[in-house]
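Structure first, then comments.
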Amino acid sequence: MRRFLHAALILFPLSLQAQFTYTLEDSVLVTSAESNLDLAWAGGLNAPQYNTLDLDHDGKDDLVVYDRMAAKISTFLQQDGRYVYTPAYERFFPTEIINWLLLRDYDCDGRKDIFTGDNFGIRVFRNITPDGGLPAWKHIRFYSGSGMSDAVLYKGSGEIKTNLQMAPDDMPSISDVDGDGDLDIFSISFGSNGTVGYYKNLGMEDHSRCDSLDFKRITAKWGGFVECGCGNFAFDNAACFTGGRPEHAGGKSLLVQDFTHDGIPDILLSEAACNHLWLLENKGTLDAPIINTNVNFPGVTSPNFLYPAAYYEDVDFDGKKDIIVSTNLPSKQINRADPATFIDLARSSWLYKNNGTNIDPSLAFVKNNFLQDAMLEVGDNAVPAFLDYDGDGDYDLFISQNSSDIIYATIQVYENTGSAELPIFTLVDPDYLIFTSLRLYNVKIQFADMDANGSNDLVFTGTSPDDGVTRLYYIPNRASGSANFSLNDRQLITLPALPNNATLVSSENILVVDVNLDRRPDLLYGRTNGTLFYLRNTGGLSFVLETSAYLGLTSSVVRQNIACAVGDLDGDGTVDLVMGDQTGVLRIVSNFRLATQAENASTNILWNPLLGEYESYNLGGRVWPVAVNLFSSARPALVVGNMQGGIYILRHDNEGVLPGDPAIYLGPNPVARQTQRLEVRIDRAATAQIYSITGQAVGRPLYLHGQQTNDVPVASLAPGVYILRVAIGHKSFARRFVVL
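Note that the sequence shown covers residues -18 to -1, 1 to 722 in mature numbering (1 follows the signal peptide of the UniProt record, and there is no 0).
Here's what the structure looks like:
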């Protein structure tokens, strides 16, 4: 039934929005280091928090990952001993999830419930999924006094109750530590910075049921210790030496579990400003803990990045819970003066296999890129761009990034070793042009003809760590039908004076596009305050601010750093505008050059097979889209990079099939060489060469964008008859034109 509905929606669109309808494409093969990436298009991971839950009711736990940096849920089904990325389940989780996510069964019904952050403490969502149905949740409100309730968890007894307050950056530990059947909580005592509070659940003791979530604080200083600084603890109820106050007031994560094989709960603790995970062994009991030592955990091959948080889940299908450690930072921190603060976000998911039992774990390091090693993953801020790298007639993939494993940003090149219809991407250059030698970070690339010679140049923004300034550059292409760039050729593009002395910053985005069809490259500039500037080209590489609110996009706190792309997405012969921002949601404006505002932009563009409808979708926090005809179809795909360092392919679900021979339009014909340019429109990407009537090649080879108007310079041609020979694969097609 759902398949029929999907087909019906494609064949009989009910609104303009149906022009922009896509499915997530994950069948395109990607090869790196001579192995296929099974999760290539799963979108990357930065700060993953791991939980398990049976999503599809097959009796096997699946994986639910919340990425704190992107504020995004990712869902992976367990199938035949491996994980399969299945994003259709993600939209069933509450949008209110913030900072952290722990799935725990608090009411003993066999279904895991949601515990998550809130500005005032902890929110709880009860799992009300029907048998065999799709995930569903109910937000639980808590008694806070006579006739009153609140959205967050409370503690206390009788009429005297207060919210169980936590700092937003803290990660609690929630488990049944006393073995009585209900869930207890350990968290950093609010306002203390460095002590751990123990909140006992009295549900079983006072109500003989586990679902009451009735908490009493047993102590605000469990174990009698204070975390004073990185690796510095005060034990036996002593105070820190720094005036009695901890040195660091950043977030802290906890995991309470027996790690020393004696049946007594110990504690794992980390801090946002520190790059170690510490084990504090409990040599006493739960109710009378004795903690007076701390050691790096788990010893050999300990995590070495800021704010490592540990998760205790079975992720390798052997029935034994493993430890996965990842950073819990809300955003990447870059301090190149202190290499210890650097996090390689392509390797931020450290797996320690449990070779013991759940009660008596024995851990062994396996890898530092769990799941990430199977993804197309460049760390963070993956910005895709496409060009025929090798001149073979198909699109190859270029990806820039924030920073590589050597701190500075690079560009990775994946050659299309398949075909124009069935692409296969193979990593051929992990540091294109030795781009790291420029010593820039947060590089964002695109290809555009900046010098009006018919070839695609390399345009990019990048930030210098020396002065913190972000600049716009371009490198002219020495070739036409392929890529031939030299870093020595790069040129600085100077932006005009902007209102309030604004300058380009690293989070902002610029797209090169001819907005007003005057055959000059203009700039659409998405700013941190949510506005979209239109910078009109006045000649050469000079620009003037035409409007500071293009398409009515004024400042907004919920729409920031707009990243744009253009293309004829619906095959109607006009160019559409795609916009992404920090929400991860794409917005499409049809025929943007005639549009006056973006208020009615299409957002429900992605098909959800579980719902049987199109929906908006978080593609990974900040996103960077590009339109490209990956499958030689009548309508291009959208390829979207994100802050998680990954890539998604959105394939048009009514893409159509191109005819065997290309549709080629030349005009005006004849063309006046002094006052006009020859416009070439073709339904697929191709290379071309101009020949004289006697068969001599004239000028450089040309690259023709598919489904776009390409300007071919003719000012240097003598009057006469010429042949434009268009090459697609092993075939060529000739068109005659006249120059006056």
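The C-beta atom is built at its ideal place from N, Cα and C for all residues, glycine as well.
8 Å Cβ cutoff met for residue i and residue j
i, j, result
"Q671", "L660", "no"
"D431", "P503", "yes"
"E295", "Y32", "yes"
"Q428", "V360", "no"
"I80", "G103", "no"
"L706", "L648", "yes"
"Y423", "S382", "no"
"L517", "P478", "yes"
"G163", "C192", "yes"
"L262", "L288", "no"
"P644", "G436", "no"
"F442", "Y455", "yes"
"N624", "G642", "no"
Rounded separation between residue i and residue j - CA only
i, j, result
"D411", "S530", "39 Å"
"L85", "A24", "22 Å"
"A716", "Y673", "10 Å"
"V46", "I55", "7 Å"
"R50", "A255", "17 Å"
"D158", "L505", "57 Å"
"P150", "L593", "33 Å"
"F417", "Q394", "9 Å"
"I631", "G375", "20 Å"
"H230", "I305", "Residue confidence is low: H230 scores 49 on pLDDT, short of 50, so the model does not pin down where it sits. No coordinate-derived value is stated."
"F574", "Y67", "34 Å"
"H258", "R663", "58 Å"
"L686", "L19", "31 Å"
"residue 755", "F407", "It is not possible to answer for residue 755, since the shown part of the chain is limited to -18 through 722."
"N692", "E595", "37 Å"
"G521", "L35", "58 Å"
"S194", "P112", "21 Å"
DSSP state of residue i mapped onto helix, strand, coil
i, result
"R73", "helix"
"F97", "strand"
"L469", "helix"
"G711", "coil"
"Y289", "coil"
"S190", "coil"
"T3", "coil"
"G444", "strand"
"N482", "helix"
"A545", "strand"
"W204", "helix"
"S155", "strand"
"Y456", "strand"
"Q61", "strand"
"I389", "coil"
"Q671", "strand"
Presumed contact (8 Å Cβ cut-off) between residue i and residue j, rounded CB distance
i, j, result
"I587", "Y180", "Actually they are not in contact, since the Cβ atoms of I587 and Y180 sit about 48 Å apart, beyond 8 Å."
"G562", "P618", "That pair is no contact at about 16 Å."
"V605", "A547", "Their Cβ separation, rounded to whole angstroms, is 10 Å, which puts V605 and A547 out of contact at 8 Å."
"E637", "A616", "6 Å"
"S252", "A216", "Wrong, their Cβ atoms sit about 17 Å apart, outside the cutoff."
"L601", "L559", "L601 to L559, Cβ: 17 Å. No contact."
"L353", "L11", "About 18 Å; that fails the 8 Å criterion."
"F279", "W260", "6 Å"
"Y371", "S464", "7 Å"
"K120", "F107", "6 Å"
"L59", "S331", "That pair is no contact at about 18 Å."
8 Å CB neighbourhood of residue i in its chain, flanking five on each side removed
i, result
"S169", "L146, M148, D152, P154, S155, V178, G179, Y181, L236"
"T578", "L533, G534"
"V720", "N651, P652, V653, G702, V703, Y704"
"Y293", "Q31, Y32, N33, L237, I305, I306, V307, S308"
"K137", "K143, T144, N145, L146, Y181, F197, K198, R199"
Contacting residues, own chain, Cβ-Cβ under 6 Å from residue i (five flanking each side not counted)
i, result
"L469", "L415"
"P458", "D433, D439, D471"
"G245", "none"
"H243", "D342"
"F347", "T283, Y334"
"H712", "none"
"K203", "T177"
"G549", "A609, P618"
"K349", "L333"
Neighbourhood of residue i by C-beta distance below 7 Å, restricted to the same chain and skipping five residues each side
i, result
"T513", "S530, A531, L535, T536, S537"
"P271", "W204, G205, N264"
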